[in-house]
Structure formats: structure tokens, C-alpha cells
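Q:
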Amino acid sequence: MKPSLMMAAALAAALPVVMAAGCGESQQVTVFKQGQYQGKPDKEPWDNAQFKGDRAAWDRAINARTAAQNEYVRIGG
């Protein structure tokens, strides 16, 4: 048997197994009970060790990052 034919046969045999693996159903975790969200509360993006709760510093960092990603600013156009 040719190697390419063997490879095609192996792929054809493995395809149904791989496709059937996605058919399972897992248990869903419920974080919304009794009309209230039960999960971890969200923090503000500037409330971390880098910015220490300083929103203005976070705004400056975001604006600098955005400007660095702007192609018109980067090429001087």
C-alpha cells in the first residue's frame, strides 16, 4: 500500500472519532441564582498593582498604547 493511501485511510478512520468527541455535553456552572449574580465581582481596570487606583495614569497609558498602534501616527503622515 502506498504511504499516501495509508495516510488517507488513517484520516478517514479517525474523522468519525474526532467528530463524535464534540457531541458530549458537560455540566454548566450557574453563577446567577435568586435574581443576583453569584460570581466574582469585577474590579476597575485601573485598580491593580501597576496603576494603584490612578485612573488618570491608566487613561494616559491607554491613549499612548492607542497612538502607538495608529499607523498614521507611526509613519508621520
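For the sequence shown, counting from 1, position 68 maps to 326 in my numbering; every step adds exactly one.
Just so you know, even glycine gets a beta-carbon here, dropped at the ideal spot from N, CA and C.
1) Compute the Euclidean distance between the alpha carbons of A272 and P261, then round it to the nearest angstrom.
2) Return the first residue and the last residue of the alpha helix (DSSP H) that E329 is part of.
3) Taking the alpha helix (DSSP H) that W316 belongs to, which residues open and close that run?
4) Between the alpha carbons of K298 and V287, how many angstroms are there, rounded?
A: According to the structure shown:
1) Along the sequence shown, read from residue 1 onward, the residue named residue 272 stands at position 14. Along the sequence shown, read from residue 1 onward, the residue named residue 261 stands at position 3. The alpha-carbon atoms of A272 and P261 are separated by roughly 16 Å.
2) As a working note, residue 329 is residue 71 in the sequence shown. Looking at the DSSP string, the run of the alpha helix (DSSP H) that includes E329 is 329 to 332.
3) The count along the sequence shown starts at 1 and reaches residue 316 at position 58. 313 to 326 is the span of the alpha helix (DSSP H), which, as asked, contains W316.
4) Looking up residue 298 in the sequence shown gives position 40. Looking up residue 287 in the sequence shown gives position 29. Computed Cα separation, rounded: 13 Å.
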